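Undergrad: If you use the numbering used here, the sequence shown corresponds to residues 0 to 283, in order.
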Amino acid sequence: MRINIQFLQTGGVPLTNDLMDVLQEAYTIFNVLGDVAGHLTILSGCTPTGQSVSPGIVVINGDVLYFEGGLVTASVYIHTAQITKTFQDQTDKILIEKKTVKFGLSAPDNMWNWGDFKRLDTLKVMMEKINAAATQADLNDIKTRLDKVELKTAPIVNGGIAWFWRKPLSEIPAGWKPCTDFKGKTIFGLDPNDPVFSTLGTTVGSHSKTITQNNIPDYVIPFYGATNSGQTAVGNDLSVIKWNGKAPDGFYDHTYGINSGGKGMPMDVLNRGVIVDFIEPDFQ
């Protein structure tokens, strides 16, 4: 609704109740700005300077109200002044109810925190921000890329993966922690068909091995000697050490043993490698 009242006329403009009602209705249209701006917003003014705030226009519960400003306190309230006028019948009645916003205290339902008020950008600034913001196509592209990242990083969960770390433990990034399960160990793939590698999380193997008789291949070293036989053979003319000294042994075949000379030390079977730490996710 657009109202244009022709006040500048001769003959005396009749200030009737109908005219005043039209003016009141026209004024209430401005409160639409309050609905657009929203509750606890600053439309204009209210500029802070030191410990004070300049006067301005604010919106509270959809009403566009004048703010007096002044020395800053934590809360503001709506002050309502009722102005009385004498009517033609000589009775005094409240004619004007004037509401202004002031710093101070009031009843809980008529008091708001000054820190909750937000200043609105101008429409020009809003348009500039909108134009500089991402388009729907940009957002769709970002979502597609994010979906791929989530798919690729899905295994990176607490207790799910471990990565080797070549730097000091003090430099582990936030959200990660040392993985102590792999200290001094290498990693083997699970093989359900091999009893050694069939159980997930089992520690297997050793970095050293002691050779026992069971580990020696089954083989025979030919060693034959015929003593005092007059024949050419390995060990010909050998003698037997008896309990009472060295003596001829007669015409017999004998079995001779070879002392191993070993000391039974474990054998190193560790492959050549590099020492690193392992880290795992520690997401909260």
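For glycine and all other residues, C-beta sits at the position ideal for the given N, C-alpha and C.
Computed from a predicted structure; not experimentally measured.
CB ASN109 to CB ILE77, shorter than 7 Å?
TA: yes
Undergrad: Please report the residue range of the alpha helix (DSSP H) in which GLU127 lies.
TA: 122 to 131
Undergrad: In terms of residue numbering, what span does the alpha helix (DSSP H) encompassing THR27 cover?
TA: 16 to 28 is the extent of the alpha helix (DSSP H) around THR27.
Undergrad: List the DSSP bridge partners of LYS101.
TA: TYR76
Undergrad: Contact defined as beta carbons within less than 8 Å: I believe SER43 pairs with GLY69. What is the distance between those atoms, to the nearest angstrom?
TA: That belief does not hold up - the Cβ atoms of SER43 and GLY69 are roughly 17 Å apart, past 8 Å.
Undergrad: When the Cα atoms are used, what is the spatial distance from LEU18 to ILE59?
TA: 28 Å
Undergrad: Does the distance from the C-beta atom of CYS178 to that of ALA153 stay below 7 Å?
TA: Contact flag unset, no.
Undergrad: Strictly by DSSP, which residues pair up with MET266?
TA: Residue pairing from DSSP places MET266 in a beta bridge opposite LYS208.
Undergrad: Let me know if ALA173 comes out buried or exposed under the rule of 16 or more other beta-carbons within 10 Å of its beta-carbon.
TA: exposed
Undergrad: With distance defined between alpha-carbon atoms, name the residue in ALA106, THR90, ILE82 nearest to LYS97.
TA: ILE82
Undergrad: Go through its chain and collect everything with a Cβ distance to HIS38's Cβ below 8 Å, but skip five positions before and after it.
TA: VAL58, ILE59, ASN60, GLY61
Undergrad: If you draw a straight line from the C-alpha of ILE186 to the C-alpha of TRP164, how long is it?
TA: 15 Å
Undergrad: Could you tell me how far apart the beta carbons of LYS176 and ILE278 are, in whole angstroms, since I believe they sit closer than 8 Å?
TA: 7 Å
Undergrad: Just to confirm before moving on: does the CB-CB distance between PHE29 and VAL63 stay below 7 Å?
TA: yes
Undergrad: Mapping the DSSP letters down to three states, classify GLU67 as helix, strand or coil.
TA: coil
Undergrad: Please report the distance separating the alpha-carbon of SER205 from that of ASN157.
TA: 28 Å
Undergrad: In whole angstroms, what is the alpha-carbon distance linking LEU14 and ASP137?
TA: Rounded to whole angstroms, LEU14 to ASP137 spans 60 Å at the Cα level.
Undergrad: Indicate the three-state DSSP secondary structure (helix, strand or coil) for LEU39 in the structure shown.
TA: In the structure shown, LEU39 falls within a coil segment according to DSSP collapsed to helix, strand and coil.
Undergrad: Classify GLY263 as buried or exposed, calling it buried when 16 or more other Cβ atoms lie within 10 Å of its own Cβ.
TA: exposed
Undergrad: Which one or two residues does DSSP pair with ILE59 in a beta bridge?
TA: ASP62
Undergrad: Consult DSSP for GLY114 and reduce its assignment to one of helix, strand or coil.
TA: helix
Undergrad: DSSP three-state call for THR201: helix, strand or coil?
TA: coil
Undergrad: Relative to the C-alpha of THR40, which candidate in GLY55, THR27, TYR26 has its C-alpha closest?
TA: GLY55
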